[in-house]
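Visitor:
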Amino acid sequence: MSLEVKNIVKSYGEKVVVNDLSFTMKEPGVYALLGTNGAGKTTTIRMILGMLSKDSGEVLWNGEPLDIMKTNVGYLAEERGLYPKYSLMDQLLYFASLKNVSKKDAQDRIKYWADRLEVNEYIYPPKDKKAKSKSMNADQLSKGNQQKIQLMIALISNPEILILDEPLSGLDPVNANLFKEIIREEIEKNKYIIMSSHQMPTIEEFCSDITILNRGNAVLQGNLNEIKKEYGRVNMHFKAEGDVDAIIEAFDFTEVVKNANEYEIKVKSEAQAMEFLRAVVEKNINIVRFELREPSLHEIFVEKVGENHDR
0 MSLEVKNIVK SYGEKVVVND LSFTMKEPGV YALLGTNGAG KTTTIRMILG MLSKDSGEVL
60 WNGEPLDIMK TNVGYLAEER GLYPKYSLMD QLLYFASLKN VSKKDAQDRI KYWADRLEVN
120 EYIYPPKDKK AKSKSMNADQ LSKGNQQKIQ LMIALISNPE ILILDEPLSG LDPVNANLFK
180 EIIREEIEKN KYIIMSSHQM PTIEEFCSDI TILNRGNAVL QGNLNEIKKE YGRVNMHFKA
240 EGDVDAIIEA FDFTEVVKNA NEYEIKVKSE AQAMEFLRAV VEKNINIVRF ELREPSLHEI
300 FVEKVGENHD R
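Numbering that gives the first Met the number 0 numbers the first residue of the sequence shown as 0 and each following residue consecutively.
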């Protein structure tokens, strides 16, 4: 199985929102769509789902046009979409029926996910002898708990393809960790997952391949590990017991940030970092810490779009 996005385009008048975007998932895993607000991430997701028409291009699942009426797709939208005045149980059963999940299977899966996501008390409130017990309405829940219900809706059909648009947005650390555990479980089930997020550590944690969008254009694509390797280990963290300012000034470093007696230095190459280290050793200055690392996804992202996006 494979998911292929080929040359999709979307414009509104003269404004091109997504410009000739292509990427492929040849095997299960997590693919990341990154970009600033308005970069085209959500528009891309909506075109993949068929919620928004494409000006041109196509989306293929196993070589055929993706049709969400025929393919089992789960979607957690950035803009939450529960009906505020309807009971949670009714909504869960309704959305399950749209995915052709039988009522019995839906009830079993609702019970499983209610336990897993710790929302039993909202869906199965304590029975009241004087009044008919029913689940809460969506507008009686906090935003975080509404998000849990929407994740249940996305997962209730056990989808082959799972699309998560800002899945951790607005969650406290405990619930963010819970969502992460569930995402890991879905990865282990060999799901095809597309994730859009502003949280770079989350992307680095889960995603093997990425596309960074800027004003609708793909400015960087590929395997995240390979991208980092191409940059090389150019970030140096340095701490010493002694004055090294004069030595640092003698080197033409790209960037130097000093915090107390620690330094974050952007070097031009690993060779330059080793040359600096030798210079410090020759001065008999005690080195507390010396570390070279590849740039983080956050740093790569800022480099690619930080100077060019609309402010």
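We put the beta carbon where it would ideally sit given N, CA and C, even for glycine. Please read these numbers as outputs of a predicted model, since none were measured by experiment.
For ARG45, which three-state DSSP category applies?
Guide: helix
Visitor: Under 7 Å between the Cβ atoms of ALA105 and LEU92?
Guide: yes
Visitor: Looking at the secondary structure, which residues open and close the beta strand (DSSP E) in which ARG292 lies?
Guide: 285 to 292
Visitor: Given ARG288, which residues of its chain have a CB within under 6 Å of its CB, disregarding the five upstream and five downstream residues?
Guide: Correct list, in chain order: LYS238.
Visitor: As a quick exercise: from SER196, ARG232, ASN285, TYR191, pick the residue whose alpha carbon is nearest that of VAL72.
Guide: Of SER196, ARG232, ASN285, TYR191, the smallest CA-CA separation from VAL72 is found for TYR191.
Visitor: Rounded to whole angstroms, what is the Cα-Cα separation between GLY56 and TYR82?
Guide: Rounded to whole angstroms, the separation of the alpha carbons of TYR82 and GLY56 is 33 Å.
Visitor: Can you list, in chain order, the residues of its chain with a C-beta nearer than 7 Å to that of MET24? Leave out the 5 residues immediately preceding and following it.
Guide: SER1, LEU2, TYR30, TYR191
Visitor: State buried or exposed for ARG183, treating a residue as buried only when at least 16 other CB atoms are found within 10 Å of its CB.
Guide: exposed
Visitor: Is ASN119 near the ligand NAP, in the sense that its beta carbon is under 6 Å from a heavy atom of that ligand?
Guide: In the structure shown, the ligand NAP is absent, as is every other ligand, since no ligand is present at all.
Visitor: Got a sec? Which residues, its chain only, sit under 6 Å from VAL58 by beta carbon, not counting five neighbours each side?
Guide: Cβ within range, chain order: VAL4, ILE47, LEU65.
Visitor: Short of 8 Å in beta carbon distance, which residues of its chain neighbour VAL255, apart from the five on each side in sequence? Order them along the chain.
Guide: Counting only Cβ-Cβ distances below 8 Å, and skipping sequence neighbours, we find ILE247, TYR262, GLU263, ILE264, LYS265.
Visitor: Using the three-state DSSP reduction, which class does VAL280 fall into: helix, strand or coil?
Guide: VAL280: helix per DSSP, three-state reduction.
Visitor: Does the distance from the C-beta atom of LEU51 to that of ALA217 stay below 7 Å?
Guide: no
Visitor: In angstroms with no decimal places, state the Cα-to-Cα distance between ILE211 and PHE300.
Guide: 7 Å
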